[in-house]
Amino acid sequence: MKLALELAGKGQGWVSPNPMVGAIIIKNGKIIGQGFHEKYGENHAEINALNSCKASPKNASIFVTLEPCCHFGKTPPCTHAIIESGIEKVFIGLKDPSEKISGKGIDELKKAGIKVFSGFLENEIREQNIHFFTFHEKKRPFISLKVAFSQDGKISRDKSEKTPITSEVANIFTHKLRHDHQAILVGAGTVISDNPHLGVRLIKGRDPLRIILSGLREIPKKSQIFRNENFLIFHNKTIVEILGALYEKNVISLLIEGGQEVFSSFINAKCIDKLYLISSPIKLGESAYPFLKKNIKLSFSQENVQQLGKDHLIVATPKWD
Numbered sequence: 020m021k022l023a024l025e026l027a028g029k030g031q032g033w034v035s036p037n038p039m040v041g042a043i044i045i046k047n048g049k050i051i052g053q054g055f056h057e058k059y060g061e062n063h064a065e066i067n068a069l070n071s072c073k074a075s076p077k078n079a080s081i082f083v084t085l086e087p088c089c090h091f092g093k094t095p096p097c098t099h100a101i102i103e104s105g106i107e108k109v110f111i112g113l114k115d116p117s118e119k120i121s122g123k124g125i126d127e128l129k130k131a132g133i134k135v136f137s138g139f140l141e142n143e144i145r146e147q148n149i150h151f152f153t154f155h156e157k158k159r160p161f162i163s164l165k166v167a168f169s170q171d172g173k174i175s176r177d178k179s180e181k182t183p184i185t186s187e188v189a190n191i192f193t194h195k196l197r198h199d200h201q202a203i204l205v206g207a208g209t210v211i212s213d214n215p216h217l218g219v220r221l222i223k224g225r226d227p228l229r230i231i232l233s234g235l236r237e238i239p240k241k242s243q244i245f246r247n248e249n250f251l252i253f254h255n256k257t258i259v260e261i262l263g264a265l266y267e268k269n270v271i272s273l274l275i276e277g278g279q280e281v282f283s284s285f286i287n288a289k290c291i292d293k294l295y296l297i298s299s300p301i302k303l304g305e306s307a308y309p310f311l312k313k314n315i316k317l318s319f320s321q322e323n324v325q326q327l328g329k330d331h332l333i334v335a336t337p338k339w340d
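Structural data, given as structure tokens:
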């Protein structure tokens, strides 16, 4: 199951809104097939593992990190393929939390006479797919907030001007975060002042859906966010309305990148799941623009700290009263 978990991680960023899944097929004590879900809309892990088999999978065992699907979606049900292959035993790491599958895949396999065992590396598998589990359990996307700030806690010299703060190493990390999330959100002020690309360019990855909160401000038509149709604009919507709309659109993860108004609103709403705080050694001065509004407080439990070039990254979980 550990090997299946490692394989599953190779699909990070490519498979959402599906979960990351890995599968290993063993017969007579030897691995005869393995696979992972590589890209949304393409074969699931179980199918890739079956297709890779060096010998007949009849009477073999399959180890899969998440409960096999049992419904027709972008691809046919994996349970059907497992049953037809003649596999004798199925070892499942964790039950799928989605209403379409939860327990139904296991029941279908058992009805076909297959021996099913579950409950392996559950914490690790859940953590690997925390975006997916949060989406189905809380009926909203998993929400990460990433902010880069100066040593004196500021995000720009002026509200209307873009201020480069972080190193190239930190910028690469930011692009990885974008790849790992299905959508990215900023306010209209950020678009107007910075004209950000909001895509993935410094690594090989998938561009997230670009979400803009516009309020009453008009966004220039030549802004980079309009370079293709992969964007969504919300006009004067509450956070509850926004998250509800994203849930209906099957967006399982959201990365918030600014600016101050957006940061403050989401923190005030107490709906942030993960914080990525990048601290730069530079100082912008007392008159520079702060990360949060004065009346907004943020407490968090620090998980780890790592160096990103000249900057430091703090990964943390918010603590709400």
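For the record, in the sequence shown the residue sitting at position 130 is 149 according to my numbering, with numbers rising by one throughout. Even for Gly, the Cβ is constructed at its ideal location relative to N, Cα and C. A quick note: this is a predicted structure, and the numbers were derived from the prediction, not measured.
Buried/exposed call for residue i, threshold 16 Cβ in 10 Å
i      : result
GLN136 : For the record, residue 136 in the displayed sequence is Phe; it is not Gln. Looking at its Cβ environment, which holds fewer than 16 other Cβ atoms inside 10 Å, PHE136 is exposed.
PRO87  : buried
ASP330 : buried
GLU118 : exposed
ILE47  : Before going on, a small fix: residue 47 reads as Asn here, not Ile. ASN47 comes out exposed.
GLN325 : exposed
LYS173 : buried
ILE111 : buried
LYS293 : buried
ALA23  : buried
VAL40  : buried
GLU305 : exposed
ILE222 : exposed
VAL34  : buried
SER104 : buried
CB of residue i within 9 Å of CB of residue j, strictly
i      : j      : result
GLY32  : PHE55  : no
GLU61  : CYS89  : no
SER299 : ILE162 : no
ASN247 : SER233 : no
ILE230 : PHE245 : no
LEU113 : GLY138 : yes
PRO76  : GLY52  : yes
ALA42  : GLN147 : no
THR98  : ALA131 : yes
SER242 : ILE211 : yes
ILE315 : ASN323 : no
Candidates the options: closest to residue i by CA position
i      : options                           : result
GLU107 : ARG145, GLU25, ILE45 and ASP213   : ILE45
PRO183 : LEU274, VAL166 and HIS198         : VAL166
HIS198 : ARG220, ASN214, ALA264 and LEU85  : ARG220
SER121 : ALA131, PHE151, ASN323 and LYS134 : PHE151
LYS157 : HIS254, ALA207, CYS290 and GLY234 : CYS290
SER175 : ASP213, GLY206, GLU187 and HIS155 : ASP213
LEU274 : ILE258, GLY304, PHE245 and TYR295 : TYR295
PHE192 : THR94, LYS93, ILE297 and SER242   : ILE297
ASN190 : GLY28, LEU327, GLN147 and VAL34   : LEU327
LYS49  : ALA79, LEU26, TYR59 and SER35     : ALA79
GLY224 : MET39, LYS58 and GLU25            : LYS58
GLU25  : ARG159, CYS72, VAL83 and HIS63    : VAL83
HIS194 : GLU276, LYS73, GLU267 and HIS63   : GLU276
LYS268 : GLU180, ARG159, ILE102 and HIS63  : ARG159
LEU196 : LEU164, LEU317 and ILE149         : LEU164
Residues near residue i in its chain [Cβ-Cβ closer than 8 Å; skip 5 each side]
i      : result
LYS21  : LEU140
ALA100 : GLU65, ILE66 and LEU69
ASN228 : Inspection of the sequence shows that residue 228 is occupied by Leu rather than by Asn. Only GLN201, ALA202, ILE203, ASN249, PHE250, LEU251 and VAL270 meet the Cβ criterion.
ASP177 : ALA307 and TYR308
Spatial neighbours of residue i in its chain, beta-carbon cut-off 7 Å, leaving aside the 5 residues before and after
i      : result
SER320 : ALA335, THR336 and LYS338
ASP226 : GLY218, VAL219 and ASN249
LYS302 : SER169, GLN170 and ASP171
ASP115 : LEU85, GLU86, SER121 and GLY124
THR257 : none
ALA74  : LYS46 and ILE51
PRO96  : CYS88, CYS89 and HIS90
Cut-off 6 Å between Cβ atoms - residues of its own chain near residue i, not counting five sequence neighbours on either side
i      : result
VAL109 : ILE81, LEU128, ILE133 and VAL135
GLY278 : GLY206, GLY208 and THR209
Original post:
Counting Cβ pairs, one atom from each stretch, are 3 or more of them under 8 Å apart for the stretch 307–315 and the stretch 282–291?
Top reply: yes
Original post:
Quick one: any contact between the stretch 238–246 and the stretch 256–266, if contact means 3 or more CB pairs under 8 Å?
Top reply: no
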